[in-house]
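Right, one structure below, let's go through it.
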Amino acid sequence: MAFVHVTYLGNIPDGDLLGTKAGDVELVLYRQGDQVRAYQRRCLHQGADLADGIVSRGFLVCALHGWRFRLEDGALDMQPESCLRCYPVRIDGDAVFVDI
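Just so we're aligned, residue -14 is where the sequence shown starts under the numbering used here, counting upward by one.
Right, here's the structure in full:
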């Protein structure tokens, strides 16, 4: 795996989501202050785009059917053994890199 530049910190609204790609890998990024988390972009349920979702009370919520994934580890709240794939993130200055 290798860290790939995906965006700049300023492009991700604080407390919000941004959909992006790194090569063939679709990602959804979540920013809280100067921290960024990266997850697979498609919901486990029916493949909805999680970048269209919302963040609420520590969860990334799918816009299609309301499935909720914990921000801390991508685990589905009603079935924690089912998880979104999470990717390591590195920030260098304003540049955001994801290890894919």
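By construction, the Cβ of each residue, glycine as well, lies at the ideal position given by its N, Cα and C atoms.
For the beta strand (DSSP E) that Arg75 lies in, which residues bound it at each end?
Element bounds for Arg75: Val74 to Asp77.
What residue ranges within the stretch 0 to 40 form continuous beta strand (DSSP E) runs of no fewer than 3 residues, ordered along the chain?
Complete beta strand (DSSP E) runs here, min 3: 2 to 7, 10 to 17 and 20 to 25.
Below 8 angstroms, can you find three or more Cβ-Cβ pairs linking the stretch -7 to 11 to the stretch 47 to 61?
No, the stretch -7 to 11 is not in contact with the stretch 47 to 61.
Return the chain-ordered list of same chain residues with a C-beta closer than 7 angstroms to the C-beta of Ile(-3), the five sequence neighbours on each side being excluded.
For Ile(-3), where only same-chain residues beyond five positions count, the Cβ hits under 7 angstroms are Leu3, Leu14, Arg16 and Val21.
Once the 5 residues before and after Gln31 are set aside, which same chain residues still bring their CB inside 8 angstroms of it?
The answer, listed in chain order, is Leu49 and His50.
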